[in-house]
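Numbering (my numbering), first residue to last: 36 to 226.
Heads up, the beta-carbon is just placed ideally off N, CA and C, and yes, glycines get one too.
Beneath this line is the structure, given in structure tokens, with notes to follow.
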């Protein structure tokens, strides 16, 4: 089921937001990111996410595209409870390589990623399936099979919301086009 762009609320609104031909086009503000302490004690909580309630036994999916040219350009799905409990998953351009991955933050952030440089000019889909206390993340480009990205626990006692996100700590003009935002049935397969 398609989710209307107007049904979410912004966590840190971007510089500009437009709905053009039923697509959400967002631009970020300078030095936006989500990261919490790991590796260099940096804490940043300034990325842009359009969020709506995400109850257990549901899945959420986005399809997006961008021009990935600057270090740490990123977009995908954001799962949020509070400043210390969140997940960002999707694409991040780092060290000249396009990566598919996830950052899971439970007090401190961790980051897992794999190379998908062949997706550089593609539309990319990311899906988070949620049970009460576990999320499963998958992604794909075009009609290829879904790739397993991550299985992670979440705190079932927190209220979770989710939706499309974008950020880039190294430039002010990242443009991301979200083609689809959908609610789905929760995946029952592990991998």
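{"Asked": "Span of the beta strand (DSSP E), counted from its first residue to its last, around residue 144", "Found": "143-150"}
{"Asked": "Per-residue DSSP class, three states only, for residue 42", "Found": "helix"}
{"Asked": "Within 8 Å, strictly: CB atoms of residue 105 and residue 205", "Found": "yes"}
{"Asked": "Contact check, residue 190 vs residue 120, beta carbons under 8 Å", "Found": "yes"}
{"Asked": "Helix, strand or coil at residue 181 [DSSP, three-state]", "Found": "coil"}
{"Asked": "Beta-carbon gap between residue 113 and residue 212 smaller than 8 Å", "Found": "no"}
{"Asked": "Proximity winner among 182, 96, 124, 44, relative to residue 217 (alpha-carbon distances)", "Found": "96"}
{"Asked": "Pair within 8 Å by beta-carbon distance, residue 174 and residue 109", "Found": "no"}
{"Asked": "Test item: CB-CB of residue 210 and residue 62 under 8 Å", "Found": "yes"}
{"Asked": "Whole-number beta carbon distance between residue 159 and residue 137, since they are thought to touch under 8 Å", "Found": "Going by Cβ atoms, the distance from residue 137 to residue 159 rounds to 14 Å, so no, they are not a contact pair."}
{"Asked": "Residues bridged to residue 155 (per DSSP)", "Found": "The partner list for residue 155 (beta bridge, DSSP) is empty, contrary to what the question assumes."}
{"Asked": "DSSP-derived helix/strand/coil call for residue 208", "Found": "coil"}
{"Asked": "Spatial distance of residue 87 from residue 132 (CA atoms)", "Found": "31 Å"}
{"Asked": "For residue 188: DSSP bridge partner residues", "Found": "169"}
{"Asked": "CB of residue 214 within 8 Å of CB of residue 58, strictly", "Found": "yes"}
{"Asked": "Option in 143, 223, 126 with minimal Cα separation from residue 75", "Found": "143"}
{"Asked": "Cutoff 8 Å; reference residue 101; Cβ partners in own chain excluding five residues on either side", "Found": "108, 110, 126, 201, 209, 210, 211, 212"}
{"Asked": "Bridge partners - residue 87, DSSP secondary structure assignment", "Found": "197"}
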